Structures are given as C-alpha cells and as structure tokens.
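Here the structure is laid out as structure tokens; the discussion comes afterwards.
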Amino acid sequence: PEAAWGQARDLLQQLAALDAQGAITQHGREILQIPLPPRLAHMFCQSRAAGQGRLAAELAVLLSERDPLRKEEAQHAGCDISVRLDRLRDNRRREPHWQNLRQLVRRLEEGAAGESSSVAPSSSSSVGELLAWAYPDRIAQRRPGSSPRYLLANGRGARLAEEDPLATAPWLVAAQLEGGGREARIYLAAMLDETSLESVCKDQLMETEEAGWDSRAAAVRGWRSRRLGAIVVSRESMALPASETVVAAMLAGIRELGLAALPWTPALRQWQARVGWLAMTEAPVSESKGEPDHWPALDDQTLLETLENWAAPYMAGIYRADQLRRFPLAEALRAQLSPARQAALAAQMPEAVQVPSGSRITIDYTPSSGPVLAVKLQEMFGMQALPVLASGRLPLTAHLLSPARRPLAVTADLASFWRQGYAEVRREMRGRYPRHPWPEDPLQAEPQRGVKRKPD
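Quick note: the sequence shown uses the working numbering, first residue 387, plus one each step.
If you want it as structure tokens, here you go:
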C-alpha cells in the first residue's frame, strides 16, 4: 500500500540509506552488504565505525531471535535488553540456546568486519545509544505522572508494566513493541541518557519558535523548543512570536476554558437561541441570490469547533484569559448572518411582542421545549391567539402569571384556554387577588397592567 511504502521510504531516509530524492546513498549500499534488516544493519555500520562492532552484533542477534530468557527470568528482568546482553556474555551459561546465540554473534561480526573484535565493556547508555541508531523513531520520553507511559518520537504512545525495572527511566529506546492503536506495549528497550540523545540525534533535533496556551497562567506563552519528532526535548520562554501563532494558541485556550470564558450576556444568549430555532425550523430568508439554503449552526459545540472561522479575526491583542472580557462577541457572532438573515431574524423571531395591555414583553427563547412568553394574565384580556413565530413553523407558549408573577396556566392555544381553563382559574384567584380584575368574559374585558381602577 502507498502509506506503508511512504513510511518505509521515510525510515530509510532517516537511516541515511536514501537521499531526499529517494535515491540510494553510499551508506545505503553499505547496509545492503550486511545480512540484517535495514534498522539493525544501519546500527551495525554506525557502531563499527565507533569501535562498538561487537556490541552491535550482540544486540542485533538478541533482537533478531526469540527472547532467550526463560519466562520466570524474563518477568524479573523486565524489558531491559541489557540484562539479556549480560547473560549472553556470561560464558558460565552453557545452555544450548546461549551457545547458539554466541555463535551467531561471531559469524555476524566476522562476516561483516572480516575479523572478530574483543568484547568491549558496555554501559546502559552505550546500549541505548546503539539502539537509538536503529530505532530513532522509537526514542521515548516518559510522560508526566506515576504511570510508566511514554511518548515516542513518531507520535505514538507506549507503556511499560508497572513493576518493570525501567518504569522510572525518563528516556528509553523501545526496540520491540506489540499492539496497534494509540498505545503499544514495550517488550524490549534500553535506557538512554540526554547526552547520548544529543549525540545520536543531533541532525534530527529541530528548533522551533512557537506559542501555546499555558493552563496554569491562563495565558498564551512564547517558547523556543527543541523537538525530536513529537517529543519536546527542551523548552525555554521567549517573547511571543508572530500574531497568527498567538491567535491559534489563544483559540486552544478558549477550547480548554470553554465558551463560557467569552463575554456572554443574557441578550446575546437569547439572540443565539433565536438563530438556533430558525435553523431548526428551516425558516426561509428571502428570494435573494447567493443566500445559502440553511441557517448557520451557532450552538456552543459548533462555535467551539469553528473558532478559527468566526473568532480568530477578532482576537488581535488578546493573549490572556482576563482579556477575553473585551472580545467583541456580539459583533463576531452577528457577522455570521448576512443582512437578509438579520432582517429575517428580526421579523420571524422577534425579541419581544406587544400584548393587549400595551406592554412589550420579552420572549424567552432559551428553554429547550420552545419559546416562552411569560406575562400577567390580566394583560392578555381580549387576545384571541398568540403571535406566530418563524412564519408559523414554531409555536409560542404562554405562561400566564398571577399578580404575584406565579404561573396560573401554560398554553400554546390561548382561545382554548379562555373557553375551557379560565373559569377555573377565575374561581380560585378572584378571592385571593380581589384588587385585580377577573371578568367573566376575558375576551370582552379591558386588559390591565395593575390593580382595578377605582370609579370616579
């Protein structure tokens, strides 16, 4: 498959076996002469030049064969390949499988180098350094926390068993992994110190200037970072870089803080809900050309997902959480509606309606059950039907209130309430609120905001 071929090409370029154009290099030709897979052959070439040919041959054999440790011994040793190396070098171990491995080491070393070399003492750092030549993409940094979880240079995650002797190592080279997905299990590895990391990966370490969201400071910070693939090897503070980078970091901060970090007002939440109801009812806008067929989605989830589209243009000069209060949220959101849609919103989903008493009553669009008009019952005398919303596509529910502004009735059919429900409400309420009108025929009565007028 093309993806697998691309990964193989990238690895061979990382091992210096191919050049940037994909042509084989002199080092690649040398690798071909060694009877090992490309990773191990590259390690062998590099190690031989550094006087570590025997160690490279030993590691190559250990990595090419099954784990020579018995099950109980392997459980005690964990994934540290250095333990296997020590057993391999212990000539007191005369078991056939150890003898066979030693013979393979001699053959490999003699076949590649033309002669056998003495066994050089090896530290854990030199073992890690050699493995880093073979597995540069599997250099791993321990993640923060108590669990032995690691981030590989290639971006994947990996983990050790909790009881593994290497579980506290800050740096590893993971030679053998098992498991797909986001986090693999490490089966063979070696510790790597930062000095060896700098030496082996000096050509792969990239220095970048970047900005990111600092959760502790609730602000954007600038950093100069040295990276090995996905791993941040070191980071130091610096002045904030280019504005686009700062904006991207600030948007990441908003996503972490949540949309409530922006300066919402009750009126703006009502506006958002009005747009949402029109989008849900698919209310038409106009016959204008160029208008999309649907209303934009401006719910919280969509707004968070599309910050780059609507919020980024208004983020200039904002790089801390406490500066978000000056973010022009209303302007940014209203800019998502064309003039035709703004006119349609005002006409089809009004902020308030005038009731028979003359009062303008604000509609509450935020309930999930639908828009609500909460109004004193006496102010609605004479009204046969509730106003229509979204060209009749969305019902308006009236919460008819007592003089103390407690709900007496909830209805979307005002005429039906006057015929069937009002008489019962009148019987219960006229004694409780005698100073307020409770006429027998509410459709013929004069609407009233307050108490009964005294006769002259």
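Beta carbons: idealized from backbone N, C-alpha and C, even for Gly.
Values in this document were obtained by computation on a predicted structure and should not be read as measured data.
- Counting along the chain, E737 sits inside no beta strand (DSSP E), nor does DSSP assign it H or E at all.
- Here the alpha carbons of L731 and I640 stand approximately 28 Å from one another.
- Contiguous beta strand (DSSP E) elements confined to the stretch 756 to 809 occur at 758 to 762, 783 to 787, 793 to 797, taking only those with 3 or more residues.
- S468 sits in a helix when the DSSP states are folded into three classes.
- At a Cβ-Cβ threshold of 9 Å, S533 and E549 do not count as neighbours.
- DSSP places S450 inside the alpha helix (DSSP H), whose first and last residues are 439 to 450.
- Per DSSP, T692 is not a residue of any alpha helix (DSSP H), being assigned neither H nor E.
- For W609, the enclosing beta strand (DSSP E) covers residues 605 to 614.
- Residues of the same chain with a CB within less than 8 Å of the CB of R746, apart from the 5 flanking positions on each side, are A738, V739, Q740 in chain order.
- Less than 9 Å separates the beta-carbon of L782 from that of P757.
- With a cutoff of 9 Å on beta-carbon distance, L780 and L772 are scored as not near each other.
- For G598, the uninterrupted beta strand (DSSP E) run begins and ends at 592 to 600, by DSSP.
- For the pair of segments examined, the stretch 564 to 571 was found not to touch the stretch 596 to 608: the number of CB pairs separated by less than 8 Å stays below three.
- Residue ranges of uninterrupted beta strand (DSSP E) with 3 or more members, entirely inside the stretch 492 to 580 and ordered along the chain, are 525 to 528, 535 to 538, 543 to 545, 557 to 564, 569 to 577.
- The stretch 678 to 692 makes no contact with the stretch 622 to 629: fewer than 3 CB pairs, one atom from each, lie closer than 8 Å.
- Beyond the five residues adjoining it in sequence on each side, G662 comes within less than 7 Å, by CB distance, of L684, D685 in the same chain, given in chain order.
- Following the DSSP letters along the chain, one finds S623 inside the beta strand (DSSP E) bounded by residues 617 to 624.
- Q562 and L546 have their C-alpha atoms spaced approximately 12 Å apart.
- Taking C-beta separations shorter than 8 Å and ignoring five residues to either side along the sequence, the partners of G497 in its chain run P421, following chain order.
- Y751 is a Cβ neighbour of A659, given a cutoff of 9 Å.
- 9 Å or more divides the Cβ of P424 from the Cβ of L441.
- Here M701 has V633, M636 as same chain residues with Cβ atoms under 6 Å from its own Cβ, once five neighbours each way along the sequence are excluded.
- A straight line joining the alpha-carbon of G778 with that of R621 spans about 60 Å.
- Cβ contact annotation for E832 (same chain, cutoff 7 Å, sequence separation greater than five): F767, in chain order.
- The three-state reading of DSSP puts D750 in strand, counting E and B together.
- With a cutoff of 9 Å on beta-carbon distance, Q400 and G408 are scored as not near each other.
- Its chain contains no residue whose beta carbon lies nearer than 7 Å to that of E458 once the 5 sequence neighbours on both sides are disregarded.
- Note: I704 is not bridge-paired with any residue in the DSSP secondary-structure output.
- Measuring C-alpha to C-alpha distances from V796 to each of W804, Q709, L786, A790 identifies L786 as the nearest.
- Counting of Cβ neighbours within 10 angstroms places E765 among the buried residues, the total reaching 16 or more.
- In the DSSP secondary-structure assignment, L404 is bridged to I410.
- For T667, the three-state secondary structure derived from DSSP is helix.
- Annotation for Q728: no residue places its beta carbon closer than 6 Å to its own, counting only its chain and skipping 5 residues before and after.
- When only Cα atoms are considered, I704 and W650 end up about 17 Å apart.
- Between M815 and A776 a beta carbon distance of about 33 Å is seen, past the 8 Å cut, so the two are scored as non-contacting.
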